[in-house]
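2 protein chains.
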Amino acid sequence: MDPTLDRTFAALADPTRRAILSLLLEDDMAVTDVAEPFEMSLAAVSKHLMILSRAGLISQEKRGRVKWCKLEPDAMRAASTWMKGFGQFKELDFDAFERFLEEEDLS
Amino acid sequence: MDPTLDRTFAALADPTRRAILSLLLEDDMAVTDVAEPFEMSLAAVSKHLMILSRAGLISQEKRGRVKWCKLEPDAMRAASTWMKGFGQFKELDFDAFERFLEEEDLS
DNA sequence: CGCTTATTCAACCATCTGGTTGACGATCCG
DNA sequence: CGGATCGTCAACCAGATGGTTGAATAAGCG
Chain G
1 MDPTLDRTFA ALADPTRRAI LSLLLEDDMA VTDVAEPFEM SLAAVSKHLM ILSRAGLISQ
61 EKRGRVKWCK LEPDAMRAAS TWMKGFGQFK ELDFDAFERF LEEEDLS
Chain S
1001 MDPTLDRTFA ALADPTRRAI LSLLLEDDMA VTDVAEPFEM SLAAVSKHLM ILSRAGLISQ
1061 EKRGRVKWCK LEPDAMRAAS TWMKGFGQFK ELDFDAFERF LEEEDLS
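So the sequence lines, in the order shown, correspond to chains G and S. Residue numbers for the first sequence follow the numbering used here, so the first one is 1 and each next one is one higher. Residue numbers for the second sequence follow the numbering used here, so the first one is 1001 and each next one is one higher.
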C-alpha cells in the first residue's frame, strides 16, 4: 500500500532509467550530460529524471542554469528491504513475515 | 537491457501484485482463492497472475479444473541481485560495477 | 447428460507511459 | 543588450495498464 514503493519499482522497470542510475553512480551530473549517451530527446530524458526524482531514487538541485542530478540510495534501500524481507521468511515463519510487513509498512 | 528485469520490476510496482506474492508466500493457492481477499473481479486477479507469471515471479500449473499458483524466487532474486550489486559498488569501484553489470547482463 | 465450479477470453473504457516537436523562461557570457 | 545554452512545458501520439462485464471453455459431480 506504500505509494513510494509503487513509484520506486515502477521507476526501476525502465532500462533507460536503470542506465541513468548507473551513470549517476559514477558521479553527480547535469541533465544535459545525463542525456548525452541516449538516443532520445533531452525532453524525454528530463521526464525520466522527473520520474526517478518522484520515486525518491535521485534528487535534483539547480545551481545557476545547471540542474545537478544526484543518486539517493534510501528509496532503493526501501525496495531492497521489501525484497529481502520477502525472501528471508520463505518457508520459515509466515507470522513473522506478517509482523515484518506491518512494522515496515511496506505491504 | 534485460527484458525480464523490466517485467520483474514492473510486476512489483503494483500493490495488488505484491499482496498476491505475500499470499503465495504462505502456500500455493488456486486462482479463486488468491482472488478471494481482493475487492475486484476474478478476471482482474487472473490478469495480475498472468503478469506475475510472465515476470517469472510465479508459476502456474493446471491440475484438473484448478490452476495452482506457486511462488518462484529466481526472478525476485535476479532483481535483488541487480539492486545489491548497485549499492555494493557505490563510492567504491565504478569499473568493478561496470564489470558486474556486463557479467550479470543486468544493465 | 446437465448443473456447477474454475478460469480465461473478448470487448470496452479511462488513465498512464514513453516518446516526439516546438515554444518558452532562465541564466550565463561577450 | 543580445545571443547561446540549459532545461521544462504543452500539445500531441501510439501503445500499455488496470479495471469492468458478459460470454466461452473446461472439468468435476450427481
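All residues carry an ideal CB built from backbone N, CA and C; glycine is no exception. If you're wondering where the values come from, they're calculated on a predicted model, not measured in any experiment.
Taking each of G:Thr4, G:Asp6, G:Arg18 and G:Leu5 in turn and checking the Cα distance to Met1083 of chain S, the smallest one comes out for G:Arg18.
In the structure shown, Ser1046 of chain S falls within a helical segment according to DSSP collapsed to helix, strand and coil. Around the CB of Arg63 of chain G, fewer than 16 other CB atoms lie within 10 Å, so the residue is classed as exposed. Against chain S, a Cβ distance below 8 angstroms from Ser80 of chain G picks out Ser1080, Met1083, Lys1084 and Gly1087. The three-state reading of DSSP puts Glu26 of chain G in helix, counting H, G and I together. For the region 4–15 of chain G, the set of residues with a beta-carbon nearer than 9 angstroms to any beta-carbon of chain S comprises Leu5, Asp6, Arg7, Thr8, Phe9, Ala10, Ala11, Leu12, Ala13, Asp14 and Pro15, in chain order. The continuous alpha helix (DSSP H) containing Asp1033 of chain S extends over residues Val1031 to Ala1035. For Leu1071 of chain S, the enclosing beta strand (DSSP E) starts and ends at Val1066 to Leu1071. Rounded to the nearest whole angstrom, the CA to CA distance from Glu39 of chain G to Ile20 of chain G is 13 angstroms.
A residue is called buried when at least 16 other Cβ atoms come within 10 angstroms of its Cβ; Met1050 of chain S does not meet this threshold and is exposed.
Within the same chain, and ignoring the five residues on either side of Gly56 of chain G in sequence, the residues whose Cβ sits closer than 7 angstroms to its Cβ are Thr4, Thr8, Glu72, Asp74 and Ala75. In the DSSP secondary-structure assignment, Ser53 of chain G is not bridged to any residue. Secondary structure of Ser1080 of chain S (DSSP, three-state): helix.
Annotation for Thr32 of chain G: no residue places its beta carbon closer than 6 angstroms to its own, counting only its chain and skipping 5 residues before and after.
Listed along the chain, the chain S residues whose CB falls inside 7 angstroms of the CB of Met40 of chain G amount to none; the nearest CB is some 15 angstroms away. Non-local C-beta neighbours of Leu25 of chain G in its own chain, meaning closer than 8 angstroms and more than five positions away in sequence, comprise Leu71, ordered along the chain. At least one C-beta of chain S is nearer than 8 angstroms to the C-beta of Met76 of chain G.
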